[in-house]
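Each number in the working numbering corresponds to the 1-based position in the sequence shown with 487 added.
Note that the Cβ used here is the ideal one computed from N, Cα and C, for glycine as well.
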Amino acid sequence: MTHYKIHPIVLGTKVFDKGMMTYQHHYGREFVIPIYAWYLEGGDQTILVDTGEMSPIQSPERESAIGGKIYTFEEGLARWGLTPDAIDVVIHTHLHNDHCENDYKCRNAVIYAHAQELAHIHDPHPLDFRYLEDYIEDVEENGQLRIVSEDREVLPGIRLMHTPVHTEGGLSVVVDTAGGRAVITGFCVIEENFFPPKEIRAMEMDVIPPGTPVNVYRAYDIMQDVKAMADILIPLHEPKFASVETIPA
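So this is what it looks like as structure tokens:
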């Protein structure tokens with residue numbers, strides 16, 4: 488069995504209202520989230536989950552807020568002895584701009600995304616302004632895209648699971664590690680979404696859907712399933728991973 492190490496690389500941040508993360512809760516609180524690429528080390532191919540922002544804001548204030556360093560794409564890869572040309576596979580949790588802005592630099596990679604994400608990036612609903620097709624046009628024209636329409640194993644020890652929580656084509660990435668089954672969520676949440684504070688648990692809510700769900704009831708149920716199946720749970724924007732080099736440690 489192939490076991491992977493997962494290396495979080497911070498490639499940007501967002502500053503916004505915390506309610507964007509936590510549905511019906513914590514509105515009016517400023518919150519900073521890291522934007523990651525996840526380098527999956529193991530096997531015979533070099534794999535990234537998402538590619539982050541093209542021009543991240545790198546400031547002491549942002550780094551202090553997330554508790555870790557912010558890198559450009561090239562800087563972040565160089566920490567692990569990699570360059571964009573060395574990437575063999577990119578897996579997309581979804582195609583909102585902050586998850587795919589560096590795709591065009593990965594000229595030798597095959598790039599996996601769900602069919603519904605491709606449809607939405609070319610024809611987004613007015614409410615979903617985060618889809619910008621400019622960021623995937625080059626790789627699409629180059630024939631690099633591999634379209635996923637059902638759950639599947641894409642490489643030994645790496646399986647894609649359709650989780651339409653935050654977007655209709657969200658893909659959670661299930662990774663075999665020495666510490667068990669890790670799940671990088673295919674939707675934008677933090678750890679608090681899966682482990683709510685006691686005042687929310689007292690309302691008999693076991694998870695909090697993201698602030699921008701596709702269908703909030705279905706999102707709740709999917710998150711429950713993901714939480715139950717994961718030995719290692721990796722919420723896509725959890726700040727604590729900004730100071731972590733390797734998962735599992």
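- Considered as a whole, the stretch 566 to 628 harbours 602 to 609 and 621 to 628 as its complete alpha helix (DSSP H) runs of no fewer than 4 residues, in chain order.
- Straight across, the Cα-Cα distance linking G530 with E686 is about 44 angstroms.
- With fewer than 16 other Cβ atoms inside 10 Å of its own Cβ, R633 counts as exposed.
- With distances taken between CA atoms, A596 lies nearest to L535 out of G667, L535, V660 and T733.
- In the DSSP assignment, Y523 forms a beta bridge with V497.
- DSSP lists K492 as the bridge partner or partners of E528.
- By the criterion of a C-beta distance shorter than 6 angstroms, E604 is surrounded in its chain by H581, L582 and G656, once the five residues flanking it on both sides are discounted.
- For S542, the three-state secondary structure derived from DSSP is coil.
- Under the 10 Å beta carbon count, G667 is surrounded by fewer than 16 other beta carbons and is classified as exposed.
- Counting every other CB atom within 10 Å of its CB across the protein chains shown gives F503 a total below 16, marking it as exposed.
- Residue nearest to E528 within the set A689, R688 and P495 is P495 (criterion: CA-CA distance).
- Across the set A573, A736 and V731, the C-alpha of A736 shows the shortest separation from the C-alpha of T664.
- Here DSSP, grouped into helix, strand and coil, assigns S659 to strand.
- For E627, the closest alpha carbon among the candidates G499, H609, V660 and H653 is that of H609.
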